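Engineer: Going left to right, the sequence shown walks through residues -24 to -1, 1 to 221 as mature numbering (1 follows the signal peptide of the UniProt record, and there is no 0) numbers them.
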Amino acid sequence: MNLIIMRKLILAVVALFICVSVKAQNLDPVNSIDYFNLGIDKHTQKDYAGAIDAYTKSIEIDSTNWRSYFNRGLTKKDLNNHKGAIADFTAAIKIDTANELLYFVRGMSKYVLKDFNGAIADMTKSIRIKDSYHSAYLVRGNAYKDLNKFKEAILDYNKAIKIDPTFEEPYFQRGILRGYQKDFVGAIADFSKAIEINPSNENSYANRGLARISVNQKESACADFKKAVALGNKNAKQMLATYCR
């Protein structure tokens, strides 16, 4: 998966939950809630070690608050400690088994660790709880793609698009798969839609250019490569040199 997109998905989760505060922070923390709120403050300041310490103290006082495990897991994720994050998300799930976001973030960490089957299982659980969760379809589709299960991947991208037609990434990923399957016309359509949604995505231009080369649309392809270069895509420079002499 595009790491930038993955980061956006993680940040979306953080925006929903990391700032959940039960009450105003006590400057001298004495209970679980105080330490929980202190952890939020530390995380906001990017003091991740301090945040983990605060969440740990919150858990030591009250081990039944899934949010403390969840937030500590997100902080560990920011430190690329995905195994530690998975352990915290699992602890949170034991407390709240019906929270789709907990399965989603655990699945994200499993995906990063290339446990694609584990990621699929978690995204499936997330979807069963909330079948309109388009990001879960995207990540599950990417995991299927990485397992070369292209049919299943495309079905998930289709579902993500149906839920949110303005969601750029499933168009891009479906375009990649259509290119693999030599459906270059379909790939061009998907990359074009991704560009319509986000005109600054250099990778969409580069990949559309390659698809256009495959159907002998050299002039349009070269224009795409030039746009990709202008947006900072280094690989597109080689594409220009190879196809646009």
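Glycine residues also receive a C-beta, built at the ideal position from the N, C-alpha and C atoms. The structure displayed is predicted, hence computed values, not measured ones.
1. Using only alpha-carbon positions, find the residue among LYS127, GLY49 and ILE103 that is nearest to TYR60.
2. Could you compute how far the alpha carbon of SER34 sits from the alpha carbon of THR73?
3. Relative to the C-alpha of residue 265, which residue among ALA119, GLY83, LEU78 and ILE164 is closest?
4. What would DSSP say about GLY94, mapped onto helix, strand or coil?
5. Which term fits PRO175, buried or exposed, when burial requires 16 or more other beta carbons within 10 angstroms of its beta carbon?
6. Rounded to whole angstroms, how far is the Cβ of ALA95 from the Cβ of LYS106, which I believe are closer than 8 Å?
7. Is it the case that the Cβ atoms of TYR219 and LYS203 are separated by a distance below 8 Å?
8. Report, in whole angstroms, the separation of the C-beta atoms of TYR133 and GLY155, which I expect to be a contact under 8 Å.
9. CYS198 lies in the alpha helix (DSSP H); which residues open and close that run?
10. Within a Cβ cutoff of 8 Å, which residues of the same chain sit near ASN41, ignoring the five residues on either side of it in sequence?
11. How far does the alpha helix (DSSP H) with THR73 in it reach, from first residue to last?
12. Whose C-alpha, out of ALA170, TYR31 and GLN149, is nearest the C-alpha of LYS127?
13. Could you check the C-alpha separation between LYS169 and TYR109 for me, to the nearest Å?
14. Looking at the structure shown, is GLN214 part of a helix, part of a strand, or coil, going by DSSP?
15. Name the residue from VAL191, ALA182, ILE189 and ARG188 whose alpha carbon lies nearest to the alpha carbon of LYS210.
16. For a test of the three-state rule: what should DSSP assign to LYS18, helix, strand or coil?
17. Which of the three DSSP states, helix, strand or coil, is assigned to VAL115?
18. Using the C-alpha atoms, what's the distance from GLY26 back to ILE37?
19. Within 10 angstroms of the Cβ of THR221, are there 16 or more other Cβ atoms? Answer buried if so, exposed if not.
20. Measuring alpha carbon to alpha carbon, tell me which of VAL6, TYR113 and ASP54 ends up nearest HIS19.
21. Can you grab the Cα-Cα spacing for the pair LEU216 / ASP98, in whole Å?
22. Quick check on the burial criterion: 16 or more other C-beta atoms within 10 angstroms. Buried or exposed for ASN124?
23. What's the C-alpha gap between GLU129 and VAL6?
24. Kindly indicate which residue of GLU145, LYS101 and ASP91 has the alpha-carbon position closest to the one of ALA119.
Structural biologist: Let me spell this out:
1. The count along the sequence shown starts at 1 and reaches residue 60 at position 84. Rather than Tyr, the amino acid found at residue 60 in this sequence is Gly. The shortest Cα separation from GLY60 among LYS127, GLY49 and ILE103 belongs to GLY49.
2. Residue numbering aside, residue 34 sits at position 58 when the sequence shown is read from its first letter. Residue numbering aside, residue 73 sits at position 97 when the sequence shown is read from its first letter. Looking at the backbone, the Cα of SER34 and that of THR73 are separated by about 21 Å.
3. Examination of residue 265 is not possible in this model, given that the chain is present from -24 through 221 alone.
4. In the sequence shown, counting from the first residue as 1, residue 94 sits at position 118. Reduced to three states, the DSSP call for GLY94 is helix.
5. Here residue 175 is taken as the residue at index 199 of the sequence shown, counted from 1. Classification for PRO175: exposed.
6. Mapped onto the sequence shown, residue 95 falls at position 119. Mapped onto the sequence shown, residue 106 falls at position 130. That belief does not hold up - the Cβ atoms of ALA95 and LYS106 are roughly 17 Å apart, past 8 Å.
7. The count along the sequence shown starts at 1 and reaches residue 219 at position 243. The count along the sequence shown starts at 1 and reaches residue 203 at position 227. Contact: no.
8. Counting from 1 along the sequence shown, the entry for residue 133 is found at position 157. Counting from 1 along the sequence shown, the entry for residue 155 is found at position 179. With a Cβ gap of about 13 Å, TYR133 and GLY155 do not count as contacting.
9. Residue numbering aside, residue 198 sits at position 222 when the sequence shown is read from its first letter. Looking at the DSSP string, the run of the alpha helix (DSSP H) that includes CYS198 is 194 to 206.
10. Within the sequence shown, numbered from 1, the residue matching residue 41 stands at position 65. SER8, PHE12, SER34, ILE35 and ILE71.
11. As a first step, residue 73 must be located in the sequence shown, where it is residue number 97. Neither: THR73 is in no alpha helix (DSSP H) and is coded neither H nor E.
12. Stepping through the sequence shown from its first residue, residue 127 is reached at position 151. It is GLN149 whose Cα lies nearest to the Cα of LYS127.
13. For the purposes of this step, residue 169 is taken as residue 193 along the sequence shown, with counting starting at 1. For the purposes of this step, residue 109 is taken as residue 133 along the sequence shown, with counting starting at 1. Distance between the alpha carbons of LYS169 and TYR109 is about 21 Å.
14. The count along the sequence shown starts at 1 and reaches residue 214 at position 238. Correct three-state label for GLN214: helix.
15. Within the sequence shown, numbered from 1, the residue matching residue 210 stands at position 234. Looking at the Cα atoms, ALA182 is the closest of the given residues.
16. Looking up residue 18 in the sequence shown gives position 42. Here LYS18 sits in helix by DSSP.
17. Counting from 1 along the sequence shown, the entry for residue 115 is found at position 139. Helix, per DSSP.
18. Numbered from its first residue, the sequence shown carries residue 37 at position 61. Numbered from its first residue, the sequence shown carries residue 26 at position 50. C-alpha separation (whole angstroms): 17 Å.
19. Counting from 1 along the sequence shown, the entry for residue 221 is found at position 245. Reading the sequence as shown, one finds Arg at residue 221 and not Thr. With fewer than 16 other CB atoms across the displayed protein chains lying within 10 angstroms of its CB, ARG221 is exposed.
20. As a first step, residue 19 must be located in the sequence shown, where it is residue number 43. It is ASP54.
21. On the sequence shown, residue 216 is found 240 positions in, with the first residue counted as 1. On the sequence shown, residue 98 is found 122 positions in, with the first residue counted as 1. Approximately 41 Å, taken between the alpha carbons.
22. One-based indexing of the sequence shown puts residue 124 at position 148. ASN124 comes out exposed.
23. Taking the first residue of the sequence shown as position 1, residue 129 is located at position 153. Taking the first residue of the sequence shown as position 1, residue 6 is located at position 30. As written in the sequence, residue 129 is Ala, which differs from the Glu given in the question. C-alpha separation (whole angstroms): 49 Å.
24. Position 143 of the sequence shown holds residue 119. If we check each option's Cα against that of ALA119, ASP91 comes out closest.
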